[in-house]
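These notes are about the structure you will find just below.
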Amino acid sequence: MKNYVGRDIPDYLLVNGKEVYQGKNYMDGKYMKKASPCTRRYEKPQESKIVETLADALKLCGAKSGMTFSFHHHLRDGDFVVNMVMKAAIEELGLDDLTIAATSLGAAHDPVAEYIEQGKVVGIQTSGIRGRIGEVVSKGLLKTPAIVRSHGGRPRAIEGGEVHIDIAFVAAPTSDCVGNCRGIGGKSNCGSLGYAMTDAKYADHVVVVTDCLVDFPNMPASVEAIDVDAVVVVDSIGNPKKIASAAARISQNPRDLMMAENVAKVIAATPYFKEGFSFQTGVGGPSLAANLFLEKYMDERSIRMGWAIGGICGPMVEMLKKGKVGKVIDVQDFDLDAVNSINQTPNHFEMSASQYANPANKGAFVNKLDFVVLAALEIDTGFNVNVLTGSDGVLRGAPGGHPDTAAGSKCCIIVTPLIRGRMATVCEHVVTVTTPGDCVDVLVTDYGIAVNPLRLDLIECLDKAGIPHVSIESLKEKAYSLVGRPDDLQWEDKVVAILEARDGTILDVVRKIKPFTLE
Amino acid sequence: MVIQKPAVAGTVESSDALVSVEPGDGKIELTLTSSVMNQYGRQIRDTVLETLERLDVKSVKINIVDKGALDCTLKARVECAVFRSSDASEKDIPWGGVIR
Chain A
1 MKNYVGRDIP DYLLVNGKEV YQGKNYMDGK YMKKASPCTR RYEKPQESKI
51 VETLADALKL CGAKSGMTFS FHHHLRDGDF VVNMVMKAAI EELGLDDLTI
101 AATSLGAAHD PVAEYIEQGK VVGIQTSGIR GRIGEVVSKG LLKTPAIVRS
151 HGGRPRAIEG GEVHIDIAFV AAPTSDCVGN CRGIGGKSNC GSLGYAMTDA
201 KYADHVVVVT DCLVDFPNMP ASVEAIDVDA VVVVDSIGNP KKIASAAARI
251 SQNPRDLMMA ENVAKVIAAT PYFKEGFSFQ TGVGGPSLAA NLFLEKYMDE
301 RSIRMGWAIG GICGPMVEML KKGKVGKVID VQDFDLDAVN SINQTPNHFE
351 MSASQYANPA NKGAFVNKLD FVVLAALEID TGFNVNVLTG SDGVLRGAPG
401 GHPDTAAGSK CCIIVTPLIR GRMATVCEHV VTVTTPGDCV DVLVTDYGIA
451 VNPLRLDLIE CLDKAGIPHV SIESLKEKAY SLVGRPDDLQ WEDKVVAILE
501 ARDGTILDVV RKIKPFTLE
Chain B
1001 MVIQKPAVAG TVESSDALVS VEPGDGKIEL TLTSSVMNQY GRQIRDTVLE
1051 TLERLDVKSV KINIVDKGAL DCTLKARVEC AVFRSSDASE KDIPWGGVIR
């Protein structure tokens, strides 16, 4: 059945009330029964919940084959915890038929690809899939299609019981002996633990894995001891060098800067750019550089940013310290400046993934967002964005909060160069729709700006401000005139991944790619 | 033109291609790997074959490692490799002739 963005969704996936994507806000006003976990009572006072090994923790939580384990990705490419846990479960306890429900999976988790090939891991649910895991899933080696959800769609699915977590693992830079966790104060600091919060509340069992045990009580705790069954102390939960980069540097690339300046111009031309406006930006070159140019317009008009959310990095912390932004609320930190600031700098707060972006709760932060500036691997003439699959059809990306912030914000700006190498970023049909075009408002490229025709109001704003813009079709033609018109990818029927829209409907599927031959 | 000895041109930097040629045995043997194989493999092959035809190369083993080069880059790299293989790269390049 064709959905709202023209993608053909196989009927056999449309069971148990699953629907195809019908446009944004389709689920508004509907009711949802929240799931409740089955948790163990610890009535008798415990001096400590520390157990010797991960295997002991797994046994304590009744780990068995067929279970779903959850993980969060604050340790990013430096994470050791996913691999340690899966190794203990599969190689020490001999479990199989396991599902991993993670907030993101990347190159750090390449060893998991082998468990997929061996058939020990049979399900993957994630908001990001890269590295070897992406390759083996794309080859169709995972027993069930991977389910990819946005950062807001994931807590929706957990709270609504679509994902039942048997054991949640919290990678904690610090914990006390009963499991109060924080993202700072240790040797593998990551700052916010926002993605772990919903998991800890909705999992049957919660295991904290830490490499820095601190005195009780570890306050203020991001994940609280009241939800934790066991604490395991390991030598190292991750490689600090890969957890947070030294400092996110603002791009010096003139092309990035030109696009960033145009992003700021567009923002300044809208009625939402006024005292107290709210903002989120990605950490890609031009997105991050937009901060810099925005500051100039803010100074010119003597206005301050009310609040900023997101994945946070240094430049935003700097603006907070200078008093140019009122509050920063974050779900993840990307560099040491942000890690060292959260809950330390006044008005720099932590939030859960649900509070950040869940479309099914009663008011996530993204819903109050004025502007979001995002990148794209591809954007098509329907303004649909792909941030998941490469031009070879292989899974190597992460929707993350992209679809949530695009849908919630009043003005969603995509900034991307027109071509990357020989890839046309602006194209006729994206490989996979990860953010639907009805949520995307403006496209800024190095060859011009295009406004979604659905936003006549924004077109008028740009015209008034004298900002030239063109049709997205003309940008696509420009791109193809430079790189040539790409051949269509050749797919097999087998679905290797299901792309859920943030509301739980099916936005797209990724099929197995046919091996390419020149003949 | 006749490929007299092995020669290379280009790099494996992003948006470039590394082109290697060596004397063939009476036909054109093309091997191609590309970072954009699925979408542009056929177009790259066609561009390379057209360029060889324009240079009147009939016998060559040619290997392309493409990293997303545009057509203009591919043509230039193939031309350069062919001219180097016949020691013609420092003189006698027919600018405005077959090289255009």
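The listed protein sequences correspond, in order, to chains A and B.
Start counting the first sequence at 1; every next residue gets the next number (the working numbering).
Start counting the second sequence at 1001; every next residue gets the next number (the working numbering).
The C-beta atom is built at its ideal place from N, Cα and C for all residues, glycine as well.
Is DSSP giving residue i helix, strand or coil here?
i: His348 (chain A); result: strand
i: Gly131 (chain A); result: helix
i: Asn83 (chain A); result: helix
i: Met205 (chain A); result: Inspection of the sequence shows that residue 205 (chain A) is occupied by His rather than by Met. Residue state, collapsed to three classes: strand.
i: Asp330 (chain A); result: strand
i: Glu43 (chain A); result: coil
i: Ser481 (chain A); result: helix
i: Gln1039 (chain B); result: helix
i: Phe1083 (chain B); result: helix
i: Lys274 (chain A); result: coil
i: Asn262 (chain A); result: helix
i: Ile1003 (chain B); result: coil
i: Ile147 (chain A); result: strand
i: Leu1052 (chain B); result: helix
i: Thr198 (chain A); result: helix
i: Ser245 (chain A); result: strand
i: Asn1063 (chain B); result: strand
i: Asp8 (chain A); result: strand
i: Met67 (chain A); result: coil
i: Arg455 (chain A); result: coil
i: Arg1045 (chain B); result: helix
i: Ala269 (chain A); result: coil
i: Ile312 (chain A); result: strand
i: Lys1091 (chain B); result: coil
i: Ile116 (chain A); result: helix
i: Asp508 (chain A); result: strand
i: Val228 (chain A); result: coil
i: Ala1069 (chain B); result: coil
Quick one: which chain B residues come within Cβ less than 9 Å of residue i?
i: Asp487 (chain A); result: Asn1038, Gln1039, Tyr1040, Gly1041, Arg1042 and Gln1043
i: Asp392 (chain A); result: Ser1035, Val1036, Met1037, Asn1038 and Gln1039
Anything in chain A within Cβ reach of residue i, meaning under 9 Å, just list it in chain order.
i: Ala1069 (chain B); result: Gly421 and Arg422
Can you tell me which of the options puts its alpha carbon nearest to the alpha carbon of residue i?
i: Cys177 (chain A); options: A:Leu374, A:Gln118 and A:Asp229; result: A:Asp229
i: Asn83 (chain A); options: A:Leu193, A:Asp441, A:Asp8 and A:Gly238; result: A:Gly238
i: Ser341 (chain A); options: A:Lys324, A:Ala221 and A:Ile312; result: A:Ile312
i: Arg420 (chain A); options: B:Pro1006, B:Val1002 and B:Ser1014; result: B:Ser1014
i: Arg40 (chain A); options: A:Ile147, A:Asn384, A:Leu105 and A:Asp166; result: A:Asp166
i: Met319 (chain A); options: A:Met305, A:Arg485, A:Gln332 and A:Glu47; result: A:Met305
i: Asn253 (chain A); options: A:Val266, A:Leu288, A:Phe273 and A:Ala225; result: A:Leu288
i: Glu47 (chain A); options: A:Gly128, A:Pro217, A:Asn367 and A:Phe516; result: A:Pro217
i: Leu489 (chain A); options: A:Leu475, A:Glu114, A:Ala55 and A:His429; result: A:His429
i: Leu13 (chain A); options: A:Thr505, A:Lys514, A:Tyr42 and A:Pro515; result: A:Thr505
i: Ala88 (chain A); options: A:Val209, A:Ile9, A:Lys321 and A:Asp335; result: A:Val209
i: Gly393 (chain A); options: A:Ile158, A:Met298, A:Val415 and A:Met423; result: A:Met423
i: Leu257 (chain A); options: A:Glu52, A:Pro111, A:Gly284 and A:Val431; result: A:Gly284
i: Asp951 (chain B); options: A:Lys410, A:Thr517 and A:Tyr480; result: Any property of residue 951 (chain B) remains undetermined from this structure, which presents chain B solely from 1001 to 1100.
i: Asp446 (chain A); options: A:Arg255, A:Pro111 and A:Thr198; result: A:Arg255
i: Gly152 (chain A); options: A:Ala172, A:Lys139, A:Thr126 and A:Thr144; result: A:Thr126
i: Lys24 (chain A); options: A:Asn3, A:Tyr115 and A:Asp227; result: A:Asn3
i: Gln22 (chain A); options: A:Phe516, A:Leu518 and A:Asp508; result: A:Asp508
i: Ile129 (chain A); options: A:Gly17, A:Cys61, A:Val451 and A:Asp77; result: A:Asp77
i: Val325 (chain A); options: A:Phe277, A:Leu369 and A:Glu350; result: A:Phe277
i: Val366 (chain A); options: A:Glu378, A:Ser352, A:Ser138 and A:Ile379; result: A:Ser352
Using a Cβ cut-off of 8 Å, pull out every chain A residue sitting near residue i, in sequence order please.
i: Ser1015 (chain B); result: Gly421 and Arg422
Against residue i, what residues of chain B qualify as contacts under a CB-to-CB distance less than 8 Å, listed in chain order?
i: Leu98 (chain A); result: Correct list: empty, because the minimum Cβ distance to chain B is about 32 Å.
i: Leu518 (chain A); result: Leu1032, Gly1041, Arg1042 and Arg1045
Can you pull the chain B residues whose beta carbon is under 7 Å from the beta carbon of residue i, in chain order?
i: Gly484 (chain A); result: Tyr1040, Gln1043 and Asp1071
Is any heavy atom in the ligand MN found nearer than 7 Å to the beta carbon of residue i?
i: Ser138 (chain A); result: You won't find the ligand MN in this model; it holds no ligand whatsoever.
Relative to chain B, which residues along the stretch 420 to 431 of chain A have a C-beta separation below 7 Å, given in chain order?
Residues of the stretch 420 to 431 of chain A with a C-beta atom less than 7 Å from some C-beta of chain B are Gly421, Arg422 and Met423, listed in chain order.
Restricting to runs no shorter than 3 residues, where is the beta strand (DSSP E) found entirely within the stretch 347 to 403 of chain A?
Taken in chain order, the whole beta strand (DSSP E) runs of length 3 or more contained in the stretch 347 to 403 of chain A are 348 to 350, 371 to 374 and 378 to 380.
Starting from the N-terminal side, write out each stretch of the beta strand (DSSP E) that is 3 residues or longer and does not extend beyond the stretch 150 to 188 of chain A.
If only complete runs of 3 or more residues are kept, the stretch 150 to 188 of chain A shows the beta strand (DSSP E) at 167 to 172, in order along the chain.
Note down, in chain order, all residues in the stretch 1022 to 1037 of chain B with a beta-carbon under 9 Å from any beta-carbon belonging to chain A.
Leu1030, Leu1032, Ser1034, Ser1035, Val1036 and Met1037
Using a beta-carbon distance cut-off of less than 9 Å, what residues from the stretch 333 to 352 of chain A approach chain B?
Hits within the stretch: zero.
Please list, in chain order, the residues of the stretch 276 to 288 of chain A that have any C-beta partner in chain B closer than 7 Å.
none
Could you name the residues of the stretch 1043 to 1059 of chain B whose beta carbon sits closer than 7 Å to any beta carbon of chain A, in the order they occur along the chain?
Gln1043 and Arg1045
Where the stretch 379 to 406 of chain A meets chain B: residues whose CB sits under 7 Å from a CB there
Of all residues in the stretch 379 to 406 of chain A, Ser391, Asp392 and Gly393 have a Cβ within less than 7 Å of some Cβ in chain B.
Hey, which unbroken runs of the alpha helix (DSSP H) at 4 residues or more fall wholly within the stretch 19 to 65 of chain A?
54 to 60, all fully within the stretch 19 to 65 of chain A.
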